[in-house]
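Novice: Structure provided below as structure tokens; questions to follow.
2 protein chains.
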Amino acid sequence: MNTASRPRVGHIAFLNCLPIYWGLARTGTLLEIDLHRAAPDELSRRLVAGDLDIGPITLVEYLKHAEDLLLIPDPAVAADGPVLSVDLVTRGPLADLPHAPKVALASTSRTGVLLGRMLLEQRYGREPVYAVTPPDLDGALAAEAFDGRADAAVLIGDEALRAYHEPRGHHVVDLAAEWKDWTGLPMVFAVWAVRREYAEANPGLVKDVHLAFRESVNRSREEIDAVVASAARWEPFAPEALAEYFERLQFGLSERHLAGLREFASRAARYTNAAPLRDGPEFFAAG
Amino acid sequence: MNTASRPRVGHIAFLNCLPIYWGLARTGTLLEIDLHRAAPDELSRRLVAGDLDIGPITLVEYLKHAEDLLLIPDPAVAADGPVLSVDLVTRGPLADLPHAPKVALASTSRTGVLLGRMLLEQRYGREPVYAVTPPDLDGALAAEAFDGRADAAVLIGDEALRAYHEPRGHHVVDLAAEWKDWTGLPMVFAVWAVRREYAEANPGLVKDVHLAFRESVNRSREEIDAVVASAARWEPFAPEALAEYFERLQFGLSERHLAGLREFASRAARYTNAAPLRDGPEFFAAG
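Chains as they are written, first to last, in numbering that gives the first Met the number 0: chain A, 0 to 286; chain B, 0 to 286.
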């Protein structure tokens with residue numbers, strides 16, 4: 000008889016994470032973990048607070064709390080070029096954006112928001128005024144904070160993907176594509192991390208979870224038609240749009256992704272209280 | 000493109016429900032439902048309130064709300080004889096129980112509690128005084144409501160299974176075995192039901208969920224050694240004890256189970272505001 004507890008693992012119920020969890024529901028691994036489903040920011044908060052052992056964390060929050068966390072090499076959510084679902088939506092062409100645009104931050108992802116700010120301020124040379132707004136495009140562009148008329152909005156997730164496919168006269172700038180144009184590197188939006196103290200006490204369990212995630216992502220690649228069919232059954236996107244989306248998303252961290260992560264950390268330092276990574280990120284090693 | 004939503008399905012994270020969910024995590028079905036995990040009473044409440052579409056409901060609550068619900072033929076949680084995890088624990092032999100015993104109700108299952116009351120009052124001829132107490136055996140027998148000394152406790156779930164295996168001098172009466180001695184019938188503790196209005200609007204989805212549960216339970220039977228090994232990894236019971244438990248539990252409703260259900264409904268009527276079932280229970284039919 001034992002006294003072990005299942006590891007508490009976070010789960011983002013967004014479309015972009017379906018390929019990460021697909022295999023867990025086909026290999027029985029979901030029975031070996033204590034899965035907690037919530038929005039990305041809430042999961043980040045819980046991992047930092049110690050209410051979860053392992054889980055996704057938005058890159059900005061990881062950078063702030065890197066001392067307490069170890070990265071798990073996969074999964075991750077990244078893109079080397081367009082990601083389709085992290086967008087700056089403007090009313091007219093980007094070149095026509097005023098010098099001090101009113102920008103709605105219609106996003107609960109701190110990394111997506113920070114990427115939007117970096118690009119607006121450092122690449123496009125603007126000095127925006129920001130306001131946090133409802134997460135849908137119409138609500139964002141009609142935000143009360145801007146007396147009902149924002150010039151642009153930073154959108155993420157399913158709502159951003161919808162705007163990409165149905166811009167309705169707006170201009171949609173893919174922020175991961177812009178990041179690549181700017182830096183030559185992939186953009187990492189979220190990483191999976193384990194609390195350092197949990198990893199030290201339970202290296203075997205963490206290794207199991209890491210390998211289960213790796214197997215799950217591999218299985219999604221093998222069964223991508225079934226993943227697309229399942230998503231198309233429930234999500235308001237055509238199978239072709241879903242297939243393109245899952246093709247763009249990257250779920251592992253190569254050396255190039257780590258270079259992109261470090262570059263983001265370096266450029267993010269002036270906006271956050273996160274120290275730039277020196278030799279990091281530090282990875283969990285099963286030993 | 001569609002506007003369907005995944006059905007909201009309740010999930011009891013108790014050991015006795017592992018064989019019901021086992022297959023859902025091996026066939027990918029968990030990706031096709033919106034699973035809500037909670038304690039049995041809370042899931043019953045949510046199904047009745049319309050916050051869930053399909054899920055487990057303790058038999059007593061089903062009987063009270065049968066007008067709004069349709070039974071799904073499987074799964075269920077039942078036993079034809081000993082169930083091991085729904086117990087009356089007494090300090091001495093049952094025959095020595097005083098005429099007006101102090102009985103701790105250490106259970107969040109209204110059906111288990113009502114079964115205990117029925118047996119104490121109608122079969123054993125006692126006139127107990129009851130109090131709701133903490134769910135563990137020691138806490139129940141030392142309940143403040145009885146000045147620190149109850150004569151007996153009704154226990155359910157993992158805590159009851161532990162008392163069965165480690166009675167520590169107490170006497171443990173298996174209430175499902177007593178029910179069978181008394182009535183000749185199986186005892187049904189929980190059923191799975193769908194809200195009538197949801198079933199009328201979404202018969203195809205309900206059929207899918209029903210068949211997925213049926214396949215899941217069948218798969219658990221086929222892979223029972225793996226189910227036991229997974230449970231033994233996390234639960235404080237030896238593999239042999241788990242195998243015996245899963246062998247005792249029954250996850251479907253035969254005609255004999257329905258007779259047991261109706262007999263319980265008939266005997267329960269005097270304790271609850273539930274009308275006795277006439278021709279029911281009424282089942283979901285995919286048509």
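For every residue, glycine included, the Cβ atom is placed at its ideal position computed from N, Cα and C.
1) So, with DSSP's three-state summary, where would you put Thr110 of chain B?
2) Taking only three categories from DSSP, how would you classify Asp50 of chain A?
3) I'd like the list of long-range same chain contacts for Thr271 of chain B, defined as Cβ closer than 8 Å, with 5 residues on each side in sequence excluded.
4) Give me the DSSP bridge partner(s) of Phe282 of chain A.
5) Which chain A residues sit within Cβ distance under 9 Å of Ser229 of chain B?
6) When you compare each of B:Ala94, B:Ser253 and B:Gly111 to Asp173 of chain B by their alpha carbons, which one comes out closest?
7) So, is Leu210 of chain B buried or exposed, given that buried needs 16 or more other C-beta atoms within 10 angstroms?
8) Report yes if the C-beta distance between Glu214 of chain A and Thr26 of chain A is below 8 Å; otherwise report no.
9) Touching or not, the region 271-280 of chain A and the region 176-195 of chain B, by the rule of three or more beta carbon pairs under 8 Å?
10) Rounded to the nearest angstrom, what separates Gly91 of chain B and Val153 of chain B at their Cα positions?
11) Under 8 Å between C-beta atoms, does Arg5 of chain A make it to chain B?
12) Closest by CA to Thr182 of chain A, which one among A:Ala75, A:Met117 and A:Ala130?
13) Using three-state DSSP, classify Phe212 of chain A as helix, strand or coil.
14) Should the region 144-160 of chain B be regarded as contacting the region 80-90 of chain B, the criterion being three or more beta carbon pairs within less than 8 Å?
15) I need the straight-line Cα distance from Ala200 of chain B to Leu68 of chain B, nearest angstrom please.
16) For Ala24 of chain A, would you say it is in contact with chain B, using Cβ-to-Cβ distances shorter than 8 Å as the test?
17) Using the beta-carbon count (16 or more within 10 Å), is Asp52 of chain B buried or exposed?
18) Go ahead and label Ala12 of chain B buried or exposed: buried means 16 or more other beta carbons lie within 10 angstroms of its beta carbon, across all protein chains shown.
19) I'd like to know whether the C-beta of Trp21 of chain A is nearer than 8 Å to at least one C-beta of chain B.
20) Could I get the ranges of all uninterrupted beta strand (DSSP E) runs contained in the region 179-248 of chain B, with 3 residues as the minimum, in chain order?
21) So which residues on chain A does Arg45 of chain B lean against when the C-beta distance must stay under 7 Å?
22) Out of A:Asn15, A:Gly22, A:Pro6 and A:Arg220, which one is the CA nearest neighbour of Gly49 of chain A?
23) Check whether chain A comes within 8 Å of Arg220 of chain B, counting only Cβ atoms and requiring the distance to be less than that.
24) Going by the beta-carbon positions, is the gap between Leu46 of chain B and Ala192 of chain B smaller than 8 Å?
25) Considering only the beta carbon of each residue, do Tyr129 of chain B and Leu93 of chain B sit closer than 8 Å?
26) Given a cut-off of 8 Å on the beta-carbon distance, is the pair Ser229 of chain B and Leu30 of chain A in contact?
27) Look up His164 of chain A in the DSSP assignment and say whether it is helix, strand or coil.
28) If I measure Cβ to Cβ from Pro55 of chain A and keep anything under 7 Å in the same chain, skipping five residues before and after, which residues do I get?
29) Which same chain residues, not among the five before or five after Ala268 of chain B, have their C-beta less than 6 Å away from its C-beta?
30) So, are the CB atoms of Ala141 of chain A and Gly147 of chain A less than 8 Å apart?
31) Which residues bound the beta strand (DSSP E) around Tyr129 of chain A?
32) Alpha carbons only, please: which of A:Ala65, A:Gly259 and A:Ala284 is nearest the one belonging to Val205 of chain A?
33) Thinking just about the alpha-carbon of each residue, which of A:Ala77, A:Pro81, A:Ala78 and A:Ala105 is nearest to the one in Thr89 of chain A?
34) According to the Cβ coordinates, are Gly251 of chain B and Pro74 of chain B closer than 8 Å?
35) Assign Glu239 of chain A to one of two classes, buried (16 or more other C-beta atoms within 10 Å of its C-beta) or exposed (fewer than that).
Specialist: In this structure, then:
1) The residue you call residue 110 of chain B lines up with position 111 of the second sequence. In this structure, Thr110 of chain B counts as helix in the three-state DSSP scheme.
2) Position 51 of the first sequence, counted from the first residue, corresponds to residue 50 of chain A. Assigned with DSSP and collapsed to three states, Asp50 of chain A falls in coil, not helix or strand.
3) Numbered from its first residue, the second sequence carries residue 271 of chain B at position 272. Within its own chain, the residues whose Cβ lies closer than 8 Å to the Cβ of Thr271 of chain B, once the five positions on either side in sequence are excluded, are Val59, Leu62, Lys63 and Leu113, listed in chain order.
4) To locate residue 282 of chain A, count along the first sequence from 1; it is residue 283. In the DSSP secondary-structure assignment, Phe282 of chain A is bridged to A:Leu70.
5) Counted from its first residue, the second sequence places residue 229 of chain B at position 230. Residues of chain A passing the Cβ test: Gly27, Leu30 and Glu31.
6) Residue mapping note: residue 173 of chain B aligns to position 174 of the second sequence, counting from 1. Among B:Ala94, B:Ser253 and B:Gly111, the Cα nearest to that of Asp173 of chain B belongs to B:Gly111.
7) The residue given as residue 210 of chain B occupies position 211 in the second sequence. Result: exposed.
8) Here residue 214 of chain A is taken as the residue at index 215 of the first sequence, counted from 1. Here residue 26 of chain A is taken as the residue at index 27 of the first sequence, counted from 1. A Cβ-Cβ contact shorter than 8 Å links Glu214 of chain A with Thr26 of chain A.
9) Segments in contact, no.
10) Along the second sequence, one-based indexing puts residue 91 of chain B at 92. Along the second sequence, one-based indexing puts residue 153 of chain B at 154. Rounded to the nearest angstrom, the two C-alpha atoms are 14 Å apart.
11) On the first sequence, residue 5 of chain A is found 6 positions in, with the first residue counted as 1. For Arg5 of chain A, a Cβ of chain B is located within less than 8 Å of the residue's own Cβ.
12) The residue labelled residue 182 of chain A in the question sits at position 183 within the first sequence. Ranking the options by Cα distance to Thr182 of chain A, first place goes to A:Met117.
13) Taking the first residue of the first sequence as 1, we reach residue 212 of chain A at position 213. Looking at Phe212 of chain A - three-state DSSP - the assignment turns out to be helix.
14) Touching, yes.
15) Here the question's residue 200 of chain B lines up with position 201 in the second sequence. Here the question's residue 68 of chain B lines up with position 69 in the second sequence. Roughly 13 Å separates the two Cα atoms.
16) For this step, residue 24 of chain A is matched to residue 25 along the first sequence. Yes, because at least one Cβ of chain B sits closer than 8 Å to the Cβ of Ala24 of chain A.
17) By one-based count along the second sequence, residue 52 of chain B stands at place 53. The Cβ neighbour count for Asp52 of chain B, taken over all protein chains shown within 10 Å, is at least 16; the residue is labelled buried.
18) As a position in the second sequence, residue 12 of chain B is number 13, starting the count at 1. Around the C-beta of Ala12 of chain B, fewer than 16 other C-beta atoms lie within 10 Å, and the residue is accordingly described as exposed.
19) The residue given as residue 21 of chain A occupies position 22 in the first sequence. It does: the Cβ of Trp21 of chain A has a partner Cβ on chain B nearer than 8 Å.
20) As far as the region 179-248 of chain B is concerned, its whole beta strand (DSSP E) runs of at least 3 residues are 186-194.
21) Along the second sequence, one-based indexing puts residue 45 of chain B at 46. Within chain A, no residue comes near Arg45 of chain B; the closest Cβ sits about 16 Å away, beyond 7 Å.
22) Position 50 of the first sequence, counted from the first residue, corresponds to residue 49 of chain A. Per the C-alpha coordinates, the member of A:Asn15, A:Gly22, A:Pro6 and A:Arg220 positioned closest to Gly49 of chain A is A:Pro6.
23) As a working note, residue 220 of chain B is residue 221 in the second sequence. False, the Cβ-Cβ gap to chain A never drops below 8 Å.
24) Here residue 46 of chain B refers to the residue found at position 47 when the second sequence is read from its first residue. Here residue 192 of chain B refers to the residue found at position 193 when the second sequence is read from its first residue. In contact: Leu46 of chain B and Ala192 of chain B (Cβ atoms closer than 8 Å).
25) The residue labelled residue 129 of chain B in the question sits at position 130 within the second sequence. The residue labelled residue 93 of chain B in the question sits at position 94 within the second sequence. Pairing Tyr129 of chain B with Leu93 of chain B gives a Cβ-Cβ distance that is not under 8 Å.
26) If you number the second sequence from 1, residue 229 of chain B lands on position 230. If you number the first sequence from 1, residue 30 of chain A lands on position 31. In contact: Ser229 of chain B and Leu30 of chain A (Cβ atoms closer than 8 Å).
27) Taking the first sequence and counting its residues from 1, one reaches residue 164 of chain A at position 165. Note: His164 of chain A maps to helix in three-state DSSP.
28) Here residue 55 of chain A refers to the residue found at position 56 when the first sequence is read from its first residue. Sequence-distant partners of Pro55 of chain A (beyond 5 residues in either direction) whose C-beta falls short of 7 Å from its own C-beta, in its chain, are Gly9, Ile11, Pro39, Leu42, Ala189 and Trp191.
29) Along the second sequence, read from residue 1 onward, the residue named residue 268 of chain B stands at position 269. Residues Pro275 of the same chain have their beta carbon placed closer than 6 Å to that of Ala268 of chain B, with the five preceding and five following residues left out of the count.
30) By 1-based counting over the first sequence, the position of residue 141 of chain A is 142. By 1-based counting over the first sequence, the position of residue 147 of chain A is 148. Against a cut-off of 8 Å, the Cβ pair of Gly147 of chain A and Ala141 of chain A comes out as a contact.
31) For the purposes of this step, residue 129 of chain A is taken as residue 130 along the first sequence, with counting starting at 1. Run containing Tyr129 of chain A: Val128 to Val131, per the beta strand (DSSP E) assignment.
32) The count along the first sequence starts at 1 and reaches residue 205 of chain A at position 206. Comparing Cα-Cα distances from Val205 of chain A to each of A:Ala65, A:Gly259 and A:Ala284, the minimum goes to A:Ala284.
33) Working through the first sequence from its first residue, we reach residue 89 of chain A at position 90. Looking at the Cα atoms, A:Ala105 is the closest of the given residues.
34) On the second sequence, residue 251 of chain B is found 252 positions in, with the first residue counted as 1. On the second sequence, residue 74 of chain B is found 75 positions in, with the first residue counted as 1. A distance below 8 Å separates the beta carbons of Gly251 of chain B and Pro74 of chain B.
35) Here the question's residue 239 of chain A lines up with position 240 in the first sequence. Only exposed fits Glu239 of chain A, as fewer than 16 other CB atoms lie within 10 angstroms of its CB.
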